[in-house]
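Just below is one structure, and these are the notes that go with it.
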Amino acid sequence: MELSSRQEEIIEIVKENGPITGENIAERLNLTRATLRPDLAILTMAGFLDARPRVGYFFTGKTGSELLTEQIKKFKVYEYQHVPIVVKESVSVYDAISTMFLEDVGTLFVVDDKACLTGVLSRKDLLRASIGKQDLNAVPVHIIMTRMPNITVCRKEDLLLDVAQNLINKQIDGIPVVKDTASGLEVVGRITKTTITKAFVELITDEHI
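In the working numbering, the protein residues as written are 38 to 246.
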């Protein structure tokens, strides 16, 4: 996050004199405690400063990049997951291609009648199926989809950073967010490379803090 000149001055005062009370910081800046309160709250919430009752404020010793890393490591999947785009196993390859373009996604999740995951369709899967002279209306997606156990999944409490690492390592565009049920893995969301990018941009532009 970008700090104001006054906030940077507060940090320097706390670095040199901490622990120090809010009243003493205000005196050094020739300001009232009330005027200073929002700045101290921001610096404390952002992690630059910490405060202890009856002791005062002290510098955490963390740089902006370190605090940024800490924030990223706290992000959970449920905070950023989107509505999954799913198709049934019986849907034709032609209809799956149409759905992918209409929904503007790179991955479709194939589910059974109980909304449980049975497969994944990527752009590459559909492209391979399109090569040749076969009738795409006559080929169901369950013929060409990737099946378990070759599907990477995540759950809503997983760390977003771990999911991002899986997207990179597996070279895939999207991962289904699933919930364990008696019938199988119910698809409840999706995380994509675009999701990860938006999350990190949001953090950098200070919308999340």
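Even glycine gets a Cβ: it sits at the ideal position worked out from N, Cα and C.
Coil, strand or helix - residue i by DSSP
| i | result |
| --- | --- |
| residue 193 | coil |
| residue 91 | coil |
| residue 75 | helix |
| residue 226 | strand |
| residue 68 | coil |
| residue 199 | helix |
| residue 80 | helix |
| residue 55 | coil |
| residue 246 | Bear in mind that the predicted position of residue 246 carries a pLDDT of just 39, short of 50, making it unreliable; the figure below should be weighed with that in mind. In this structure, residue 246 counts as coil in the three-state DSSP scheme. |
| residue 40 | coil |
| residue 62 | helix |
Contact set for residue i: own chain, Cβ-Cβ below 8 Å, skip 5 residues either direction
| i | result |
| --- | --- |
| residue 52 | 96 |
| residue 188 | 154, 156, 157, 213 |
| residue 124 | 132, 133, 136, 145, 146, 147, 148, 158, 178 |
| residue 110 | 196, 198 |
Exposure of residue i, with buried meaning 16 or more beta-carbon neighbours within 10 Å
| i | result |
| --- | --- |
| residue 164 | exposed |
| residue 236 | buried |
| residue 71 | exposed |
| residue 219 | exposed |
| residue 112 | buried |
| residue 200 | buried |
| residue 121 | buried |
| residue 150 | exposed |
Close beta carbons around residue i, own chain, < 7 Å, minus the five adjacent residues each side
| i | result |
| --- | --- |
| residue 223 | 152, 153, 215, 216 |
| residue 92 | 56 |
Practice task
Ignoring anything shorter than 4 residues or poking outside the region 97-183, list the alpha helix (DSSP H) runs there in chain order.
Solution key: Counting only runs of 4 or more, we get 101-111, 130-140, 160-167.
Handout entry: Given 8 Å, three or more beta-carbon pairs between the region 183-198 and the region 136-143
Key = Using a C-beta cut-off of 8 Å, the region 183-198 makes no contact with the region 136-143, since fewer than three inter-stretch Cβ pairs fall below that distance.
Practice task
Give a yes or no on contact between the region 175-186 and the region 125-132, applying the rule of three or more CB pairs nearer than 8 Å.
Solution key: Enough Cβ pairs lie closer than 8 Å, so yes.
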